[in-house]
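A.B. asks: Once you've had a glance at the structure underneath, I'll fire off some questions.
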Amino acid sequence: MNFLAHLHLADNSQTSMAANIAGDFAKGSIEDFPKHLQQGIWLHRQIDQLTDSHEITKELLTLFPKSLTRAAPIIIDLSFDHMLAKYWDEYHHQTLEEFAVKAYNAIDDCDALPEKLVSIAPKIRQENWLVAYQTREGLNQTLASVAKRVSKPEIFNGAQECVKKLDTDIEIAFRTFYPQLMAYSRLWTRNTPPEYL
């Protein structure tokens, strides 16, 4: 799952949106982070762990060509965000535009976030990353942008064409898996270790 899904799952579980998104940038022990971020970081890690280990995700990975093996997990995360944005009205009562503003404000209003998140937060809002996921063009732009940020951009060669080809498989996987993840996020929230509350 990528930014949009983590923010949506935070809202779905009524936990801190900023803390959940901070999980993408938080390395090391949770105890090293401020108390108000700990539950969100912990929840973020539970979500990532289940996503990476779930049979649905593993089966989807097998459909990618060998040339995309290294990039495929990232491509799936971004594609799932695209599916969530594309069918947003089925998963949230607010419009995606309204939710995006709420999420951007939550990030801006939160103290002691990881430095890397603080540095890119203005760009996330300015380029409206969350809403951009709604279109195929937005997804392609995100894939291209992510490729530029990795040490070996060539691992993403052919990613856009592959995602288009696997569109139905990705949608089926997302629609099957995401409702489970929503339920799990609420369950994990109720069972967060006391030391992270």
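Residue 146 in the UniProt record's numbering is what sits at position 146 of the sequence shown, and the numbering runs on without skipping anything.
By construction, the Cβ of each residue, glycine as well, lies at the ideal position given by its N, Cα and C atoms.
1) Report back the beta-carbon spacing between ALA106 and ALA22 to the nearest angstrom; my notes put them in contact at under 8 Å.
2) By the 10 Å Cβ neighbour count, where 16 or more other Cβ atoms means buried, how is ALA71 classified, buried or exposed?
3) Let me know the secondary structure DSSP gives HIS54 once reduced to three states.
4) Does the Cβ-Cβ distance between ILE30 and TRP42 come in under 8 Å?
5) Between the C-alpha atoms of ALA10 and ASN157, what's the straight-line distance to the nearest angstrom?
6) Could you spell out the range, first to last residue, of the alpha helix (DSSP H) harbouring HIS82?
7) Measuring alpha carbon to alpha carbon, tell me which of THR135, GLN180 and TYR184 ends up nearest LYS164.
8) Using the C-alpha atoms, what's the distance from VAL118 back to ARG175?
C.D. replies: So, from the listed chains and residues:
1) Between ALA22 and ALA106 the Cβ distance is about 11 Å, and since that is not below 8 Å, they are no contact.
2) buried
3) coil
4) yes
5) 32 Å
6) 72-86
7) THR135
8) 32 Å
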